[in-house]
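Peer 1: Handing you this structure, nothing more for now.
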Amino acid sequence: MNKKIKSALISVFYKNGLENIVQQLDKLGVTIYSTGGTQKFIEDQGIKCIPVEEITSYPSILGGRVKTLHPKVFGGILGRRDQPKDKEEMEQFGIPEIDLVIVDLYPFEETVAATNDEKSIIEKIDIGGPSMIRGAAKNFIDVTVIASREDYPQLENILTGQEGSTSLEQRKQFAARAFEICAHYDVVISQYFTPDGGNYFLQSFSHPKTMRYGENPHQHGVFYGDLTQLFEQVNGKELSYNNLVDVDAALALIKEFSDTTFAIIKHTNVCGVAQRNTVKDSWDHALAGDPESAFGGVLVCNRTIDKSTADAINEIFFEVLIAPAFNEDALQVLKSKKNRILLAMKPDAAKEDPSMFRSLLNGVLVQGKDAGNYEKWEDAGGRETTPAEKEDLIFANLICKHLKSNAIALVKNKQLVGKGCGQTSRVDALRQAIEKAKQFNFNLRGAVMASDAFFPFNDCVQMGHEAGIEAYIQPGGSIRDKDSVEYCQKHKLAMVMTGMRHFKH
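So this is what it looks like as structure tokens:
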């Protein structure tokens, strides 16, 4: 059912892009009603505009808080044109039909981001705007609603190409978009008033991006979020679902380090990481930790990529490289593969959301991020840790935190030399870590071991000792902590209890 636009109510905060719309409405002979600043904007273009006050017989009051909240405005929006009773009442009370509503919302979200002043924030909670938008969307059978500047181009095409006549399908599409905009607005306001969560799980993300597929080719995948806030993509194909999951893991890991660090991620697990004085040395030692698993991985560094590093990286196949910046000559090397994804981190990439959530069963599970490394540093073994061991243990514990449980990380001179992850027993994780170290010819004498959770028995410490490891870090908390502690005391091994477990599932 097509409807000709004969009258329009326009009240917007942002005027950009509105010029062509009002000019086309005027050209079509559409009666325009407006308020305040929008009215002045329209009139400044030489276009006739009827103030809303002429409909309501009321001025804008209470500092602008009340100007459109009136039966004559909402009657014109909500009146059903096919209902004789509605038509009769509209005529009785002098209510004009309104066919097009162009209204946006006060910038609440932007104000929260810009200031902590509660008074300023509260004043940006729009009341009339959402009410008019929802009213027009509800009555999409008769009314066209435009609630965002993003819809201006489509409206302009309708005005020019369809001479101001809208189809039912178009009006319903605009209505759906309007309800989404109002829902997002309400979620943001609710989050402001309940920062720690309330009676409902409320999250809202925009900018949907359809993936080529989900985790597997037969699965549908969509990402909601604006990645341009975090990265500038300087080369490569579109990020896939699995790329995004690994990029998230890589970013979470690299945030842990301030010194020059390079890491390689595969299926969200760290397979190589090292900390050295230069980017090139960091890369070389990260790769040496497990050159086999690095194939097809996601690489991340917290320093600018130079040409010598780029030349070395260019020798292997990888999916993504993330860094704060790339030297121009390094980019020339790395761009030699057109599909290779290169991401330059922006300052917002360093920000940390304090909470995380996942859908499961028939609900959503929410928790705080696993922030920190250790709550205490208790030398509980047969001797105190040496300064060098302490540095390696701190490094190893951070790496272990980012491995899937059960997890073991073996580190020597701030280089991951062996790791076991995603195992159903801690002993299996350690066996895997030792085998990895042997596979790439690492001597574990002088290495340290980190465990994401406590040792329930002394078997892991004993296995590690037999492999040459003499310093351990674990959260403790087992009723049999004394078994591993006594073994360390007997053999003069260092063991640190942190009081902080790092399970990751």
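My numbering puts the first residue of the sequence shown at -4, with every later residue one more than the last. Note that beta-carbon positions come from the ideal geometry of N, C-alpha and C, so glycine has one too.
What is the DSSP secondary structure of Met206, counted as helix, strand or coil?
Peer 2: As a first step, residue 206 must be located in the sequence shown, where it is residue number 211. Of the three classes helix, strand and coil, the one that applies to Met206 here is coil, per DSSP.
Peer 1: Three or more beta-carbon pairs under 8 Å between the segment 230 to 247 and the segment 302 to 318, yes or no?
Peer 2: Enough Cβ pairs lie closer than 8 Å, so yes.
Peer 1: Whole angstroms is fine: what's the gap from Val182's alpha carbon to Gly472's?
Peer 2: Within the sequence shown, residue 182 is the residue found at index 187, counting from 1. Within the sequence shown, residue 472 is the residue found at index 477, counting from 1. Rounded to the nearest angstrom, the two C-alpha atoms are 40 Å apart.
Peer 1: Within its chain, find whatever has a CB closer than 8 Å to the CB of Leu23; leave out the 5 residues flanking it on each side and keep chain order.
Peer 2: As a first step, residue 23 must be located in the sequence shown, where it is residue number 28. Hits under 8 Å: Ile0, Leu154, Glu158, Gly159.
Peer 1: What's the C-alpha gap between Gly413 and Ala269?
Peer 2: Against the sequence shown, residue 413 aligns to sequence position 418. Against the sequence shown, residue 269 aligns to sequence position 274. Roughly 12 Å between the two C-alpha positions.
Peer 1: Take Pro319 as the anchor and find which of Ala307, Ile336, Val295 has the nearest alpha-carbon.
Peer 2: In the sequence shown, the residue the question calls residue 319 occupies position 324. Here the closest residue by C-alpha is Val295.
Peer 1: Apart from the five residues just before and just after Phe200, which ones in its own chain have a Cβ nearer than 6 Å to its Cβ?
Peer 2: In the sequence shown, residue 200 corresponds to position 205, counting from 1. Contacts found: Tyr219, Gly220.
Peer 1: By how many angstroms is the C-alpha of Asn111 removed from the C-alpha of Ala404?
Peer 2: Position 409 of the sequence shown holds residue 404. Position 116 of the sequence shown holds residue 111. Answer to the nearest angstrom: the Cα atoms are 43 Å apart.
Peer 1: In whole angstroms, give me the CA-to-CA distance for Ala344 and Gln228.
Peer 2: Counted from its first residue, the sequence shown places residue 344 at position 349. Counted from its first residue, the sequence shown places residue 228 at position 233. Rounded to the nearest angstrom, the two C-alpha atoms are 13 Å apart.
Peer 1: In chain order, what residues of the same chain have a beta carbon less than 6 Å from the beta carbon of Lys(-2), not counting five sequence neighbours either side?
Peer 2: Taking the sequence shown and counting its residues from 1, one reaches residue -2 at position 3. Counting only Cβ-Cβ distances below 6 Å, and skipping sequence neighbours, we find Thr161.
Peer 1: Applying the criterion that 16 or more other CB atoms from any shown protein chain within 10 Å of the CB defines a buried residue, is Phe169 buried or exposed?
Peer 2: Mapped onto the sequence shown, residue 169 falls at position 174. Classification for Phe169: buried.
Peer 1: Just to confirm, is the Cβ distance from Val96 to Ala131 under 8 Å?
Peer 2: Here residue 96 is taken as the residue at index 101 of the sequence shown, counted from 1. Here residue 131 is taken as the residue at index 136 of the sequence shown, counted from 1. Closer than 8 Å, so yes.
Peer 1: Give the single residue among Asp365, His460, Asp478, Gln418 whose Cα lies nearest to the Cα of Arg496.
Peer 2: On the sequence shown, residue 496 is found 501 positions in, with the first residue counted as 1. The option with the nearest alpha carbon to Arg496 is Asp365.
Peer 1: For Val328 versus Asp301, is the C-beta spacing smaller than 8 Å?
Peer 2: As a working mapping, residue 328 is identified with position 333 in the sequence shown. As a working mapping, residue 301 is identified with position 306 in the sequence shown. Result no, Cβ atoms of Val328 and Asp301 do not sit closer than 8 Å.
Peer 1: Could you check whether Val456 and Ala375 sit closer than 8 Å to each other, using their CB atoms as the reference points?
Peer 2: Within the sequence shown, residue 375 is the residue found at index 380, counting from 1. Within the sequence shown, residue 456 is the residue found at index 461, counting from 1. Not closer than 8 Å, so no.
Peer 1: So, for Val98: in the same chain, excluding its five sequence neighbours on each side, which residues have a beta-carbon less than 6 Å away from its beta-carbon?
Peer 2: Stepping through the sequence shown from its first residue, residue 98 is reached at position 103. So the qualifying residues of the chain are Ser6, Gly124, Met127, Ile128.
Peer 1: For Phe352, I'd like the list of residues in its chain whose CB is within less than 6 Å of its CB, leaving aside the five on either flank, ordered along the chain.
Peer 2: In the sequence shown, counting from the first residue as 1, residue 352 sits at position 357. Val359, Val361, listed in sequence order.
Peer 1: Suppose contacts are defined by Cβ-Cβ distances below 8 Å. Is Glu386 in contact with Thr493 by that definition?
Peer 2: By 1-based counting over the sequence shown, the position of residue 386 is 391. By 1-based counting over the sequence shown, the position of residue 493 is 498. Going by C-beta atoms, Glu386 is not nearer than 8 Å to Thr493.
Peer 1: Look up Val265 in the DSSP assignment and say whether it is helix, strand or coil.
Peer 2: Counted from its first residue, the sequence shown places residue 265 at position 270. The answer is strand: DSSP assigns Val265 an E or B state.
Peer 1: Among Asn408, Pro382, Ile120, Arg378, which one has its Cα closest to the Cα of Ala391?
Peer 2: Indexing the sequence shown from 1 puts residue 391 at position 396. Closest option to Ala391, Cα to Cα, is Asn408.
Peer 1: Helix, strand or coil for Ala344? Go by DSSP, reduced to three states.
Peer 2: Locating residue 344 in the sequence shown gives position 349, counting from the first residue. The answer is helix: DSSP assigns Ala344 an H, G or I state.
Peer 1: Taking the C-alpha atoms as reference points, what is the distance between Asn211 and Gly291?
Peer 2: Sequence index remark: in the sequence shown, residue 211 carries index 216 (1-based). Sequence index remark: in the sequence shown, residue 291 carries index 296 (1-based). Roughly 16 Å separates the two Cα atoms.
Peer 1: Given a cut-off of 8 Å on the beta-carbon distance, is the pair Gly71 and Pro91 in contact?
Peer 2: Indexing the sequence shown from 1 puts residue 71 at position 76. Indexing the sequence shown from 1 puts residue 91 at position 96. Yes; because the gap between Cβ atoms is below 8 Å, this pair is in contact.
Peer 1: If you drop the 5 nearest sequence neighbours on each side, which residues of the same chain put their C-beta closer than 6 Å to that of Arg298?
Peer 2: The residue you call residue 298 lines up with position 303 of the sequence shown. These residues qualify, in order along the chain: Thr255, Val274.
Peer 1: Within 10 angstroms of the Cβ of Gln40, are there 16 or more other Cβ atoms? Answer buried if so, exposed if not.
Peer 2: One-based indexing of the sequence shown puts residue 40 at position 45. By the 10 Å Cβ count, Gln40 comes out exposed.
Peer 1: Quick check: the Cα distance between Gly544 and Asp348, rounded to an integer number of angstroms?
Peer 2: Limits of the chain in this structure are -4 at one end and 500 at the other, which puts residue 544 out of reach.
Peer 1: If Val265 sits next to Ile394, beta carbons under 8 Å apart, how far is it from one beta carbon to the other, in whole angstroms?
Peer 2: Looking up residue 265 in the sequence shown gives position 270. Looking up residue 394 in the sequence shown gives position 399. Confirmed, Cβ separation roughly 6 Å.
Peer 1: Can you tell me where the beta strand (DSSP E) holding Gly467 begins and where it ends?
Peer 2: Stepping through the sequence shown from its first residue, residue 467 is reached at position 472. As written in the sequence, residue 467 is Tyr, which differs from the Gly given in the question. Taken as a continuous stretch (DSSP letters only), the beta strand (DSSP E) holding Tyr467 covers 466 to 469.
Peer 1: Just verifying my parser: in three-state terms, what is the DSSP assignment at Thr256?
Peer 2: Sequence index remark: in the sequence shown, residue 256 carries index 261 (1-based). Thr256: strand per DSSP, three-state reduction.
Peer 1: Can you tell me the Cα-Cα spacing of Phe437 and Glu104, whole angstroms?
Peer 2: Locating residue 437 in the sequence shown gives position 442, counting from the first residue. Locating residue 104 in the sequence shown gives position 109, counting from the first residue. Taking the straight line joining both Cα atoms gives about 53 Å.
Peer 1: Determine the DSSP secondary structure at Pro54, reduced to helix, strand or coil.
Peer 2: The residue you call residue 54 lines up with position 59 of the sequence shown. Pro54: coil per DSSP, three-state reduction.
Peer 1: Rounding to the nearest angstrom, what Cα-Cα distance links His213 and Leu355 in this structure?
Peer 2: Here the question's residue 213 lines up with position 218 in the sequence shown. Here the question's residue 355 lines up with position 360 in the sequence shown. About 21 Å.
Peer 1: Could you tell me the alpha carbon to alpha carbon distance between His460 and Leu388, rounded to whole angstroms?
Peer 2: In the sequence shown, residue 460 corresponds to position 465, counting from 1. In the sequence shown, residue 388 corresponds to position 393, counting from 1. Between His460 and Leu388, the C-alpha separation is close to 15 Å.
Peer 1: Taking the alpha-carbon of Tyr147 as reference, which of Gly12, Ile122, Glu287, Lys333 has the nearest alpha-carbon?
Peer 2: By one-based count along the sequence shown, residue 147 stands at place 152. Comparing Cα positions, the closest option is Gly12.
Peer 1: In chain order, what residues of the same chain lie with their CB nearer than 8 Å to the CB of Met(-4), ignoring the 5 residues before and after it?
Peer 2: Numbered from 1 along the sequence shown, position 1 holds the residue referred to as residue -4. Same-chain partners within the cutoff: Ile136, Ser162, Leu163.
Peer 1: With Ala289 and Phe257 assumed to form a contact (beta carbons below 8 Å), what rounded beta-carbon distance in angstroms separates them?
Peer 2: As a first step, residue 289 must be located in the sequence shown, where it is residue number 294. As a first step, residue 257 must be located in the sequence shown, where it is residue number 262. Actually they do not touch by this definition, with Cβ atoms about 11 Å apart.
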